[in-house]
Amino acid sequence: GHTCAPGGVAVLNGESCYAFCTQGYDGGVSDFECDAPSLDGSAPACAATDCTKGFPTGAGVNGSVCMGFTTGEICDVSCIDGWTATTAGTYTAECQVDGRFTTTGLMCEKKACGPLADLSGFG
Numbered sequence: 003g004h005t006c007a008p009g010g011v012a013v014l015n016g017e018s019c020y021a022f023c024t025q026g027y028d029g030g031v032s033d034f035e036c037d038a039p040s041l042d043g044s045a046p047a048c049a050a051t052d053c054t055k056g057f058p059t060g061a062g063v064n065g066s067v068c069m070g071f072t073t074g075e076i077c078d079v080s081c082i083d084g085w086t087a088t089t090a091g092t093y094t095a096e097c098q099v100d101g102r103f104t105t106t107g108l109m110c111e112k113k114a115c116g117p118l119a120d121l122s123g124f125g
């Protein structure tokens with residue numbers, strides 16, 4: 003964000019304003035000075051923040067695959083080994099600007115093992 007055109011009004015010669023990182027991004031604040039017709043200064047270095055809340059959860063859901071994701075990134079969520087999704091589809095969670103993941107709707111259930119007769123030597 004910035005304060006360099008409040009209400010659509012231009013910054014005038016000799017005035018200053020500043021720019022800052024928006025929600026979901028870390029970084030500093032940069033000052034700008036109007037030396038008409040130039041607005042002198044440089045944009046702040048902003049970096050996406052880590053998502054640390056709302057990891058995908060539920061029985062058999064592998065939410066840990068989303069560790070380390072930052073604002074705007076999307077992770078593919080699946081069931082842990084030995085579990086399967088109750089409905090077919092692709093399940094994703096997006097890291098939002100508030101540091102929380104969107105919900106996936108993924109529900110997992112335990113997989114069934116095959117019959118003993120399928121093993122060699124039984125029958």
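Position 67 (the sequence shown) corresponds to 69 in this note's numbering; numbering is contiguous.
All residues carry an ideal CB built from backbone N, CA and C; glycine is no exception.
All figures in this text were calculated on a predicted structure; none of them were measured in a lab.
Contact with chain D by residue i, beta-carbon distance below 8 Å
| i | result |
| --- | --- |
| residue 52 | Any reference to chain D falls outside this structure, which holds one protein chain only. |
Range covered by the beta strand (DSSP E) that runs through residue i
| i | result |
| --- | --- |
| residue 34 | 31 to 37 |
| residue 97 | No beta strand (DSSP E) contains residue 97, which DSSP labels as neither H nor E. |
| residue 81 | 76 to 81 |
| residue 112 | 110 to 112 |
Residue burial classification, residue i (beta-carbon count within 10 angstroms, cutoff 16)
| i | result |
| --- | --- |
| residue 58 | buried |
| residue 108 | buried |
| residue 106 | buried |
CA nearest to the CA of residue i, picked from the options
| i | options | result |
| --- | --- | --- |
| residue 74 | 103, 23 and 34 | 103 |
| residue 5 | 50, 95, 27 and 36 | 36 |
| residue 48 | 56, 62, 23 and 122 | 23 |
| residue 54 | 91, 81, 120 and 96 | 96 |
| residue 52 | 118, 34, 26 and 114 | 26 |
Would you check if the region 78 to 88 and the region 7 to 17 touch, i.e. whether three or more CB-CB distances between them fall below 8 Å? no
Evaluate contact between the region 29 to 49 and the region 60 to 70, counting only Cβ atoms and requiring at least three cross-stretch pairs below 8 Å. no
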